[in-house]
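Enquirer: I am attaching a structure below and will ask some questions about it afterwards.
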Amino acid sequence: MTIESGMPRYPASWHPYPEVTMLASHGAEGRETRRIVMGTHTGTHVDAPRHFVPNGKTIDNLNLDIFVGLACVLDFHYVSPNQAINAGMVRNSLGDRYPERVLFNFAWEENKDSPSYYSGCPYLTEDAVDFLLDNGCRLIGLDTPMPDNPHDSSMPIHKKLLGNNVPIVEGLVNLQSLVEYNSFMLVVAPLKVREGDGAPARVFATVND
Ligand SMILES: [Zn+2]
Numbered sequence: 000m001t002i003e004s005g006m007p008r009y010p011a012s013w014h015p016y017p018e019v020t021m022l023a024s025h026g027a028e029g030r031e032t033r034r035i036v037m038g039t040h041t042g043t044h045v046d047a048p049r050h051f052v053p054n055g056k057t058i059d060n061l062n063l064d065i066f067v068g069l070a071c072v073l074d075f076h077y078v079s080p081n082q083a084i085n086a087g088m089v090r091n092s093l094g095d096r097y098p099e100r101v102l103f104n105f106a107w108e109e110n111k112d113s114p115s116y117y118s119g120c121p122y123l124t125e126d127a128v129d130f131l132l133d134n135g136c137r138l139i140g141l142d143t144p145m146p147d148n149p150h151d152s153s154m155p156i157h158k159k160l161l162g163n164n165v166p167i168v169e170g171l172v173n174l175q176s177l178v179e180y181n182s183f184m185l186v187v188a189p190l191k192v193r194e195g196d197g198a199p200a201r202v203f204a205t206v207n208d
């Protein structure tokens, strides 16, 4: 997701409104420099275990090999708002692919400028996550802002994934362009924030045509 003023922000009092503003310009200071204001969970970002696990691993201490390697995208662009994705749906969509890094396409980025981006997103059930963990999943990504039912404030899916040291990549975009590929090389590069509970990330894939 592009980092810019007015980008989506989790609607909680502790999240600042994202701002990208000019500090220096070519006309005055002979260079351009900008100031960025954003929370650690804004835009495309990674949740580290510390986000929901007291004393959990922080973003600066996660092994980077989790973030680079073969991945696949499961295409659920057809689901309804607030629809639950269960283990059977994940198993069917995955087929014979090995789910070490799994991204979920809900075509949800279309809603990113609406309040329903946060309140209406589809979500994973506990049995879906158990299925992925039991089959070797080490990283999950979604084009929604959270893997949990947005109306369940206890956040069981966050806690199960992060409690198993599985980082969550949230707020992905452009997943539709990857659904035609069986698998691809994924690179997730979260900023190295000291004791970071999460961090903004640049995320991209390379494919073999
Ligand atoms: Zn987050």
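Numbering follows numbering that gives the first Met the number 0, in which position 132 of the sequence shown is assigned residue number 131; successive positions increment by one, without gaps. A virtual CB, placed ideally from N, CA and C, is assigned to each residue, including glycine. These figures come from a predicted structure and were not determined experimentally.
Can you list, in chain order, the residues of its chain with a C-beta nearer than 6 angstroms to that of V52? Leave out the 5 residues immediately preceding and following it.
Expert: L161, G162
Enquirer: Is H25 near ligand 1, going by C-beta to nearest heavy atom under 7 angstroms?
Expert: no
Enquirer: For the region 35-84, list the beta strand (DSSP E) runs that are entirely contained and at least 3 residues long, ordered along the chain.
Expert: 44-46, 67-74
Enquirer: My assumption, with CB atoms under 8 angstroms, is that L123 sits in contact with T43. Please give the rounded CB distance.
Expert: At roughly 18 angstroms, the Cβ-Cβ gap does not stay under 8 angstroms, so L123 and T43 are not in contact.
Enquirer: Helix, strand or coil for N231? Go by DSSP, reduced to three states.
Expert: It is not possible to answer for residue 231, since the shown part of the chain is limited to 0 through 208.
Enquirer: Do V178 and L138 count as a contact pair if the criterion is CB distance below 8 angstroms?
Expert: no
Enquirer: Report, in whole angstroms, the separation of the C-beta atoms of F103 and F75, which I expect to be a contact under 8 angstroms.
Expert: Contact annotation, F103 with F75: C-beta distance approximately 6 angstroms; criterion of less than 8 angstroms satisfied.
Enquirer: Does DSSP put I167 in a helix, in a strand, or in coil?
Expert: strand
Enquirer: When the Cα of E99 is compared with those of R201, G140, A200, which residue comes out closest?
Expert: G140
Enquirer: Within the same chain, show all residues whose beta-carbon is closer than 8 angstroms to that of S182, passing over the 5 residues directly before and after it, in chain order.
Expert: L69, A70, C71, R96
Enquirer: Could you tell me if the beta carbon of D147 falls within a distance shorter than 7 angstroms of some heavy atom in ligand 1?
Expert: no
Enquirer: Applying the criterion that 16 or more other CB atoms from any shown protein chain within 10 Å of the CB defines a buried residue, is I58 buried or exposed?
Expert: buried
Enquirer: Quick check on V89: does DSSP put it in helix, strand or coil?
Expert: helix
Enquirer: For G55 and V206, I'd like the C-alpha separation in whole angstroms.
Expert: Using only the alpha carbons, I get a separation of about 34 angstroms.
Enquirer: Any heavy atom of ligand 1 closer than 7 angstroms to the CB of G197?
Expert: Yes, ligand 1 has a heavy atom inside 7 angstroms of this Cβ.
Enquirer: Taking 7 angstroms as the cut-off, does the CB of D59 come closer than this to any heavy atom belonging to ligand 1?
Expert: no
Enquirer: Is H50 near ligand 1, with its Cβ less than 7 angstroms from a heavy atom?
Expert: yes
Enquirer: I167: buried (16+ other C-beta within 10 angstroms of its C-beta) or exposed?
Expert: Around the beta-carbon of I167, 16 or more other beta-carbon atoms lie within 10 Å, marking it buried.
Enquirer: Between V45 and L73, which are expected to be in contact by the criterion C-beta below 8 angstroms, what is the C-beta distance as a whole number of angstroms?
Expert: Not really, about 19 angstroms apart at Cβ, beyond 8 angstroms.
Enquirer: I'd like to know if the region 27-44 and the region 6-13 are in contact, where contact means that at least 3 CB-CB pairs between them fall below 8 angstroms.
Expert: yes
Enquirer: To the nearest angstrom, how far is the alpha carbon of R90 from that of P80?
Expert: Roughly 21 angstroms between the two C-alpha positions.
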